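What follows is a short report on a single structure.
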Amino acid sequence: MLSAAAELLHEKGMYPAVAHSAYYCCYQLVKHIWLCSMNRTEAALRSGISSSKTGSHKYLTVQVILYIESLGESGCKEHAREVGRKIAMLKRLRTDADYYNAEFNAPKSSQSISLSSDIVSILRKY
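In my numbering, the protein residues as written are 44 to 169.
Here it is in structure tokens:
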């Protein structure tokens with residue numbers, strides 16, 4: 044749903060909102076992997092976040108990336124590396140759009156959608 048929302052917002056020229064939707068589309072899928080594929084709980088997530096020195100999004104993303112890498116199947120390490128790199132880029136775009144008074148234009152909006160699409164296509168495998 045958030046992926047479709049990002050596309051619609053882009054078409055309507057509401058560019059800063061695109062990065063937000065595109066990022067959270069990926070974040071929700073990361074959380075789904077944590078809960079379903081990794082069979083972890085919300086309580087385990089809260090505990091891990093509270094004992095880590097990073098924020099909740101960083102903690103969860105890193106844990107899922109480590110999980111993907113640990114599977115040891117063909118392409119897992121590359122997928123983990125690509126998700127890590129691209130989600131960091133997408134988060135930077137979302138942070139710029141959500142918190143800073145800088146221009147967030149059509150090219151940045153398109154880049155957000157592209158990154159999100161790439162990330163989702165990998166994460167759906169896990």
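Positions of the beta carbon are idealized from the N, C-alpha and C atoms, including for glycine. Model, not experiment: these values are computed from the prediction.
Between A123 and R167, the alpha-carbon positions lie close to 13 Å from each other. In this chain, the alpha helix (DSSP H) harbouring A131 covers C119 to Y142.
Remark: C-beta atoms of L52 and V73 do not approach each other more closely than 8 Å. The residue among I76, L45, I92 and M57 with its C-alpha nearest the C-alpha of S64 is L45. Remark: three or more beta-carbon pairs, one from each stretch, lie closer than 8 Å, so the region 128-143 and the region 156-166 are flagged as touching. The residue among I162, Y110 and Q154 with its C-alpha nearest the C-alpha of Y58 is Q154.
Contact annotation: V126 and I165 have beta-carbon atoms nearer than 8 Å. Within the same chain, and ignoring the five residues on either side of M81 in sequence, the residues whose Cβ sits closer than 6 Å to its Cβ are Y110. Residue environment analysis places Q106 among the buried positions, since at least 16 neighbouring C-beta atoms fall within 10 angstroms of its C-beta.
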